[in-house]
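Student: Per the working numbering: the sequence shown = residues -10 to 127.
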Amino acid sequence: MEILENFNAKYLEFNKITDPRGCLTYLQKGVGLPFDLQRVYYLYDVPGGAERGAHGHRSLEQVMIALSGSFDVILDNGSEEKKFTLNLPNRGLYVGPMMWRSLTNFSSGAVCLVLASQPYDESDYFRDYDNFLKEVRS
Ligand code: TYD
């Protein structure tokens, strides 16, 4: 597992049970996730060249997984930006609070599963990058 110093994000390596019939990865309370799961959503049929995300969260924690295909996650903590490519169903990207994220470069047929620590709450979002910067730097 790669842990990035001073960056509230890290790769998570999940279990992978392989046999001649294929592979299986499971996540459950206390196994594989650094928070109690409250919500699941997924992105799919993303057209080539489209960008998702482009927002930040005050308190939400998420884990993103490329269930199929690949995409890039650009994370910005207000002073540094890093790009992560997700393309393995048994690898997740943990993203902590106060990180601006954009998802780009979706391959054809890519499916992005997002596991979230809280139910949907629009008031937790930063939709404006300048507001996010102000808050994260204060
Ligand atoms: P949006 O935040 O733009 O998606 P993304 O992070 O992929 O760019 O959300 C698109 C719409 O879906 C928006 O109207 C809010 C709604 N939505 C929900 O109702 N519940 C959810 O859990 C999420 C993530 C989004």
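In this text, a Cβ means the ideal position worked out from N, Cα and C, and glycines have one as well.
1. Considering only residues of the same chain and omitting the five flanking positions on each side of R10, which have a CB-CB separation below 6 angstroms?
2. Give the range of the alpha helix (DSSP H) segment to which R126 is assigned.
3. Could you tell me the alpha carbon to alpha carbon distance between M88 and S68, rounded to whole angstroms?
4. Give the DSSP bridge partners of S91, in chain order.
5. Within the present structure, is the beta-carbon of H46 separated from the nearest heavy atom of ligand 1 by less than 7 angstroms?
6. State the DSSP-derived secondary structure class of E2, mapped to helix, strand or coil.
7. Just the C-alpha distance for I(-8) and G85, rounded to the nearest angstrom, thanks.
8. Where S96 and E40 are concerned, what is the direct C-alpha to C-alpha distance, given to the nearest angstrom?
9. Going by C-alpha distance, which of R90, L82, N79 and Q51 is nearest N142?
10. May I ask you to list the residues that DSSP assigns as paired with G81?
11. What separation, rounded to the nearest whole angstrom, lies between the Cα atoms of P108 and D8?
12. So, helix, strand or coil for D8, using DSSP?
Tutor: By the coordinates alone:
1. none
2. Y118 to R126
3. 10 angstroms
4. G42 and I63
5. no
6. strand
7. Per-residue confidence for I(-8) stands at a pLDDT of 49, beneath the threshold of 50, marking its modelled position as unreliable; the derived number appears in the next sentence. Approximately 13 angstroms between the Cα atoms of the pair.
8. 12 angstroms
9. Absent from the model: residue 142. The displayed extent of the chain is -10 to 127, so no value can be given.
10. L1 and I54
11. 35 angstroms
12. strand
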